[in-house]
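*Asks:*
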DNA sequence: AACCACATTACAGAAATCTGTAAGGACATA
DNA sequence: TATGTCCTTACAGATTTCTGTAATGTGGTT
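Chains as they are written, first to last, in this note's numbering: chain S, 947 to 1168; chain V, 947 to 1168.
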């Protein structure tokens, strides 16, 4: 089993929970923790330079920024930076994210070894994931394979989320169009935005924009 | 210090984290955990009936049930049911919720003894909270005391709430007018509704109806 | 090349939103 | 009664929303 693991997770309680699992349930002796991406990277570098590298990185995706200035604001950047230095390190992502395409992207693009979704059964999943990754397997979360139940979920891509957020902030379609153009995000015509939002109406069975925002707020998507 | 504590939290990792803190940092011997509200209540009843009651309940507010978010009162219901049976039990809520009015409501209406906000510094806060509650203090979260100044309240009467709810459900002003007339609620002219909603725009600094609903959803008013 | 499926974009029109102004009613006070 | 304030209501007009249709572009297949 792994003997030296780094845990990057900004929520302290979750951090402690992971450590407890690794320690008590799996029996990993050396576990280091970090509350910030930068901090995690420093600990990783130190261990690497001292010829006692970590064998496994368990990281969250989103880190809240408080007072500390962070050069790495997301777990993805951390993963990329770590992999650049130590290609053979195993990486498990532990995150709230449950959008299949997002999770698949992590496996495809960032070559992570495992993913555990924050949730009710996270302990069992985490244990299985660590063991699977130790045996050189790629461990997908049950949420991803059990698409039967969760397939009812509406597929939302990044643009959908952006539109929902902008609408929730009270911007008009015209303002959103201009914003998208400025950020070079396509499609950005008012017509395409209309089409997108109309599709969201259908997906969420919303009568109008206000209703739509209320629904996604209730679902916790925004 | 407390010797017997019940932890109700559906996220297993967070659950484990809390237990670790209580165990390793505070030195509480007997800690029971529950992933569901009902389960927590059963464990509580059993201990109470066996004359070995819990001295402290640490609970989340929202519990997921079968993948579906049940954001409403489940944690609150647990607190109420527990208090009905054992009035002297101490209650600490550990939740993501950071809306001042919501948290204040817990102290005012449900007489909780402490609140810890899920976050980066939750460990220190949790330890301080448990110790404070043990000393019969009421422990407010730092988030609450810091933002107490900008906690400006807008007075909303019944009609305001009705209008907000109808708008959030996607009804047009015309539909709302007809509904109000049918229920003999005055004022019910479209003009009056316009005026009301415009005043709400000012109160909440909203750009339009969609923005307004998003804001009040975030504030937990709806 | 030809074809098809699909996305983007432009445009148009009916409906709804939002913001004014103005008229009338209710109510209190002098 | 007269006056002023506040609320309700009607109405108007500019803007935005929402839903169509149609033209064009794009990528993949045969």
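From the three backbone atoms N, C-alpha and C, an ideal C-beta is built for every residue, glycine too.
#1: Just to confirm the assignment, what range does the alpha helix (DSSP H) spanning residue 1008 (chain S) have?
#2: So which residues on chain S does residue 1156 (chain V) lean against when the C-beta distance must stay under 7 angstroms?
#3: So is residue 1135 (chain V) buried or exposed if we call it buried at 16+ other beta carbons inside 10 Å?
#4: Between residue 1039 (chain V) and residue 1025 (chain V), what straight-line distance do the alpha-carbon atoms span, to the nearest angstrom?
#5: In the stretch 1034 to 1109 of chain S, which residue ranges form an unbroken beta strand (DSSP E) of at least 3 residues, counting only runs that do not cross its ends?
#6: Give the C-beta separation of residue 956 (chain S) and residue 1006 (chain S) to the nearest angstrom, bearing in mind that I take them to be a contact with Cβ-Cβ under 8 angstroms.
#7: Using 10 angstroms around the beta-carbon of residue 1100 (chain S), count the other beta-carbons present and answer buried if the total reaches 16, otherwise exposed.
#8: Suppose you measure from the CA of residue 1161 (chain S) to the CA of residue 1163 (chain V); what does that come to, to the nearest Å?
#9: Given a cut-off of 9 angstroms, decide if residue 994 (chain S) and residue 1031 (chain S) are closer than it, judged by their beta-carbon atoms.
#10: Report all residues from its chain with a CB closer than 8 angstroms to the CB of residue 949 (chain S); omit the five preceding and five following residues, and keep chain order.
#11: Is it right to say residue 988 (chain S) is buried, meaning 16 or more other beta carbons lie within 10 angstroms of its own, or is it exposed?
#12: Starting from the beta carbon of residue 956 (chain S), find every residue of chain V whose beta carbon is closer than 7 angstroms, and list them in chain order.
#13: Please go through the same chain and pick out, in chain order, the residues whose beta-carbon is closer than 8 angstroms to the beta-carbon of residue 1167 (chain S), but skip the five residues on each side of it.
#14: Beta carbons nearer than 8 angstroms to chain S: which residues of the stretch 969 to 999 of chain V have them?
#15: Would you mind listing the beta strand (DSSP E) stretches within the stretch 1121 to 1157 of chain S that are 3+ residues and don't spill past its ends, in chain order?
#16: Looking at chain V, is there any beta carbon in it that lies within less than 9 angstroms of the beta carbon of residue 1140 (chain S)?
#17: At a Cβ threshold of 9 angstroms, is residue 961 (chain V) touching chain S?
#18: Going straight from the alpha carbon of residue 1151 (chain S) to that of residue 998 (chain V), what length do you get?
#19: Can you tell me the Cα-Cα spacing of residue 952 (chain S) and residue 1023 (chain V), whole angstroms?
#20: Please return the same chain residues whose Cβ sits closer than 6 angstroms to the Cβ of residue 1009 (chain S), not counting the five positions on each side in sequence.
#21: Specify, as a first and last residue, the run of the alpha helix (DSSP H) that residue 1030 (chain S) falls within.
#22: Taking the alpha-carbon positions, what's the residue 970 (chain V) to residue 960 (chain S) distance?
#23: Within this structure, are the beta carbons of residue 1086 (chain S) and residue 1065 (chain S) separated by less than 9 angstroms?
#24: Which residues in chain V sit within 8 angstroms of residue 966 (chain S), going by Cβ to Cβ distance?
#25: Can you give me the Cβ contacts of residue 965 (chain V) inside the same chain, cut-off strictly under 7 angstroms, excluding the 5 residues immediately before and after it?
*Replies:* Judging by the given coordinates:
#1: Looking at the DSSP string, residue 1008 (chain S) is not in any alpha helix (DSSP H), and its letter there is neither H nor E.
#2: Neighbours of residue 1156 (chain V) on chain S, chain order: 1113, 1114, 1116, 1155, 1156 and 1159.
#3: So residue 1135 (chain V) ends up on the exposed side.
#4: Approximately 9 angstroms, taken between the alpha carbons.
#5: Complete beta strand (DSSP E) runs here, min 3: 1036 to 1041 and 1060 to 1063.
#6: Contact flag correct, Cβ pair sits at about 6 angstroms.
#7: By the beta-carbon neighbour count (other beta carbons within 10 angstroms, threshold 16), residue 1100 (chain S) is exposed.
#8: Taking the straight line joining both Cα atoms gives about 10 angstroms.
#9: Remark: C-beta atoms of residue 1031 (chain S) and residue 994 (chain S) approach each other more closely than 9 angstroms.
#10: These residues qualify, in order along the chain: 974, 975, 976 and 1001.
#11: Counting C-beta atoms within 10 angstroms of its own C-beta, residue 988 (chain S) has fewer than 16 neighbours from the protein chains shown and is therefore classed as exposed.
#12: Under a criterion of Cβ atoms nearer than 7 angstroms, the residues of chain V adjacent to residue 956 (chain S) are, in order, 1066.
#13: Cβ neighbours of residue 1167 (chain S) beyond the five flanking positions: 1102, 1107 and 1110.
#14: For the stretch 969 to 999 of chain V, the beta-carbon criterion of a distance under 8 angstroms to any beta-carbon of chain S is satisfied by 981.
#15: Scanning the stretch 1121 to 1157 of chain S from its first residue to its last, no whole beta strand (DSSP E) run of 3-plus residues comes out.
#16: Closer than 9 angstroms: no.
#17: Interface residue, yes.
#18: If I take the Cα positions, the gap works out to 51 angstroms.
#19: Looking at the two C-alpha atoms, the distance is approximately 39 angstroms.
#20: Answer for residue 1009 (chain S): 956 and 983, listed in chain order.
#21: It spans 1021 to 1031 - the alpha helix (DSSP H) in which residue 1030 (chain S) sits, taken as one unbroken run.
#22: Cα to Cα, the separation comes out at about 15 angstroms.
#23: It is not a contact, given that the beta carbons lie outside the stated cut-off.
#24: Scanning chain V for C-beta atoms nearer than 8 angstroms to the C-beta of residue 966 (chain S) yields 962, 963, 965 and 966, reported in chain order.
#25: So the list reads 953, 977 and 979, once near-sequence residues are dropped.
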